[in-house]
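Residue numbers (our numbering): 3 to 267.
In this text, a Cβ means the ideal position worked out from N, Cα and C, and glycines have one as well.
One structure is given here, and the rest of the page talks about it.
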């Protein structure tokens, strides 16, 4: 979990004051029951422990004035804010940063950026194309595969390719705070869709319990999305709550008449 993710889970701005970290943890803990939402509790506990480690790190280890670190921090700040993450102008500005033209620091900034993007990759196709124009990802595929995981490079090439925007998740339909943990939501959503799409179930009770836990975790993030609402309707249906499932599904179909994903769900 990166620094911004840590404090996003705790719901506070970054700080080295342990009292503030503990207070934020206690407040969040009141709404995250480890029995009802074990995944949410584990994530909260991990963020709390990592925030304390950061608070206790000697100040001299932090090189905040280093141009490469400042560049990477700008990228992380853009990514953390959903509105800025989806703004192509923000990324156009980032790839014009002077540090990228520096003979000594440019390569460090470039590969630092892509190493970080390999972990924080939830971006629309248009953003990947901006990165391709700036760094020639397609033209220099082999060089990128020398520095980065091949699967990640293949993913970038796919998102840069023709028609890739049709595979984009509809980020614009998110409902939540601008700096909510959208990556955690998307990871959890992917896990939930795998469960609701499972055809063969060995232990039905455990399967339904796991779906309930996934839904609880996603709801604990304070983020809404029509596709998540449809998955919750599926969970209700699979749990035998047919009327509730139909009510939720019909409401979504009325609201999202042009959403093919929901029409086919």
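Cut-off 8 angstroms between Cβ atoms - residues of its own chain near residue i, not counting five sequence neighbours on either side
i           : result
residue 146 : 116, 139, 155 and 158
residue 185 : 7, 122 and 124
residue 65  : Its pLDDT being 47, under 50, residue 65 is placed unreliably in this model, and the coordinates cannot settle the point.
residue 15  : 9
residue 94  : 132
residue 190 : 41, 216, 219, 220 and 223
Heavy atom of the ligand FMN within 6 angstroms of residue i beta-carbon
i           : result
residue 194 : In terms of ligand content, the structure shown is empty, and the ligand FMN therefore cannot be addressed.
Endpoints, alpha helix (DSSP H) assigned at residue i
i           : result
residue 217 : 206-222
residue 19  : Looking at the DSSP string, residue 19 is not in any alpha helix (DSSP H), and its letter there is neither H nor E.
residue 149 : 143-149
residue 172 : Looking at the DSSP string, residue 172 is not in any alpha helix (DSSP H), and its letter there is neither H nor E.
residue 200 : Unbroken run through residue 200: none, as it is neither H nor E.
residue 228 : 228-240
residue 53  : 40-58
residue 270 : No answer is possible for residue 270: it lies beyond the span of the chain, which begins at 3 and ends at 267.
residue 156 : 152-162
residue 71  : 69-82
residue 134 : 127-137
Short Cβ contact (7 angstroms threshold) for residue i with residue j
i           : j           : result
residue 194 : residue 233 : yes
residue 13  : residue 32  : no
residue 216 : residue 241 : no
residue 220 : residue 183 : no
residue 101 : residue 111 : yes
residue 218 : residue 235 : no
residue 80  : residue 53  : no
residue 228 : residue 170 : no
residue 247 : residue 254 : no
Pairwise C-alpha distance: residue j and residue i
i           : j           : result
residue 43  : residue 106 : 44 angstroms
residue 40  : residue 214 : 11 angstroms
residue 75  : residue 69  : 10 angstroms
residue 4   : residue 231 : 28 angstroms
residue 19  : residue 57  : 7 angstroms
residue 35  : residue 46  : 11 angstroms
residue 89  : residue 136 : 16 angstroms
residue 167 : residue 199 : 24 angstroms
residue 2   : residue 113 : Nothing in the structure corresponds to residue 2, since the chain is present only between 3 and 267.
residue 50  : residue 38  : 19 angstroms
residue 144 : residue 73  : 25 angstroms
residue 208 : residue 197 : 11 angstroms
residue 180 : residue 77  : 16 angstroms
residue 148 : residue 104 : 22 angstroms
residue 108 : residue 30  : 41 angstroms
residue 11  : residue 237 : 26 angstroms
residue 225 : residue 142 : 38 angstroms
residue 120 : residue 245 : 42 angstroms
Contact with chain B by residue i, beta-carbon distance below 7 angstroms
i         : result
residue 5 : Any reference to chain B falls outside this structure, which holds one protein chain only.
Cβ shell of residue i (< 7 angstroms), same chain only, five flanking positions each side left out
i          : result
residue 62 : Because the pLDDT at residue 62 is just 44, under 50, the model does not fix this residue reliably, and the value given afterwards should be weighed accordingly. If we look at residue 62 and ignore the five residues flanking it on each side, it has no Cβ neighbours.
residue 92 : 80 and 86
Is the number of C-beta pairs between the segment 171-187 and the segment 79-86 that are closer than 8 angstroms three or more? yes
Between the segment 160-171 and the segment 123-137, do three or more beta carbon pairs fall short of 8 angstroms? yes
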